[in-house]
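Single-structure report; data block below.
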Amino acid sequence: MVKTAVILAAGLGSRLKNRTSQIPKGFITVGGKSLIEQSVSKLLKSGIEKILIGTGHAAEHYDRFARNYSGTVVCVRNEKYAETGSMFTLYNMKDFIDDGFLLLESDLLYDRRGLTILQELTEPDVILASGRTDSNDEVFIEADSNGNLVKMSKNSADLKSIFGELVGITKISYPTFQKMCRFAAKEFSIQPKLDYEYALVGISGSTKILVKKIEDFVWCEIDDETHLQRAEGYIFPKIKEQI
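For the sequence shown, the positions run 23 to 265 when the numbering used here is used.
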């Protein structure tokens, strides 16, 4: 069981610009509580003792939020958030990470069962996947016959087969994190907006990364107004007892 979680929260949230011009996406409320409040609460109930948040856009909101958690929540600001991607936000936290961790995206609404399953699995590196969501912003995953990661893409035609959809919750061991950082350091000059999932793909040839699929997993990301409506009307009613 890992004791640390890392939340990637630096993005601009441009597709929700009317809602996120002054606040980060993690502060969008569903069911009366912000996404970040809900996620932190679930993490703490799942054995997590330290939470690092990689911030950027409107970072001061996370700074204030962290003060409510007496050192349990620590913010690490990516000053280059506007011109970099999620992998740089993660890379920017390397001096604060010295063990395995759960990696999450900040715009998720999800069933806590996913955290429990990742914590119980003995494999050190695990990507949580779901069945088909039809969310129109899917990241599809290709896995080999043993269920290990081969490739990810938003274009299903890029893959030989679709094993599942990326949820945005991943268990990463410290050695794998170090490999991701080494891979990314070589790529940033070419791809400054490199996403963490493509760093995972980049090292998957030498590192087994299990894809754990929960066919009926209840979750959504909130990237636009359609996603928010789905979160409020369909996803939240299924998990509201966890709030």
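No residue lacks a Cβ here, since even glycine has one placed at the ideal position from N, Cα and C.
Applying the criterion that 16 or more other CB atoms from any shown protein chain within 10 Å of the CB defines a buried residue, is Y91 buried or exposed?
exposed
State the Cα-Cα distance for the pair S61 and K182, rounded to the nearest angstrom.
33 Å
Determine, using beta carbons only, whether L131 and F258 come nearer to each other than 8 Å.
yes
Please work out which residues of its chain come closer than 6 Å, Cβ to Cβ, to G153, disregarding the five sequence neighbours upstream and downstream, and give them in chain order.
E237
Return the CA-CA distance between G54 and K47, expressed in angstroms with no decimal places.
15 Å
Pairing CB atoms from the region 97 to 111 with CB atoms from the region 142 to 159, are three or more of them under 8 Å?
no
Which residues does DSSP list as the beta-bridge partners of E105?
DSSP output for E105 lists no bridge partner at all.
Are there 16 or more other CB atoms within 10 angstroms of the CB of N114, so buried, or fewer, so exposed?
buried
Output yes or no for whether 8 Å exceeds the beta carbon distance between A32 and I70.
no
So what does A32 bridge to, in DSSP terms?
BP columns for A32 are empty, so no partner.
Residue interval of the beta strand (DSSP E) (run including E273)
What is shown of the chain runs 23 to 265, which leaves residue 273 out entirely.
According to the Cβ coordinates, are V98 and A253 closer than 8 Å?
no
Select from E243, D166, N177, E187 the residue whose C-alpha is nearest the C-alpha of T229.
D166
Excluding the 5 residues flanking K193 on each side, which residues of the same chain have their C-beta closer than 6 Å to its C-beta?
L124, L140, V148
Of the choices K64, A151, N158, whose alpha-carbon is the least far from that of E219?
A151
Could you tell me which of F205, P214, L34 sits nearest to G78, measuring between CA atoms?
L34
Among P146, T111, C242, D133, whose alpha-carbon lies nearest the alpha-carbon of A81?
T111
Which residue from I29, E247, I163 puts its Cα closest to that of L222?
I163
My assumption, with CB atoms under 8 Å, is that V233 sits in contact with G169. Please give the rounded CB distance.
6 Å
Report all residues from its chain with a CB closer than 6 Å to the CB of I58; omit the five preceding and five following residues, and keep chain order.
G48
Selection from G227, N177, L137, M23 that minimises the alpha carbon distance to D121:
M23
I need the DSSP call for E160, collapsed to helix, strand or coil.
coil
Taking buried to mean at least 16 other C-beta atoms within 10 Å of its own C-beta, is D245 buried or exposed?
buried
Please state whether the Cβ-Cβ distance between K72 and K25 is less than 8 Å.
yes
Rounding to the nearest angstrom, what Cα-Cα distance links K262 and E160 in this structure?
24 Å
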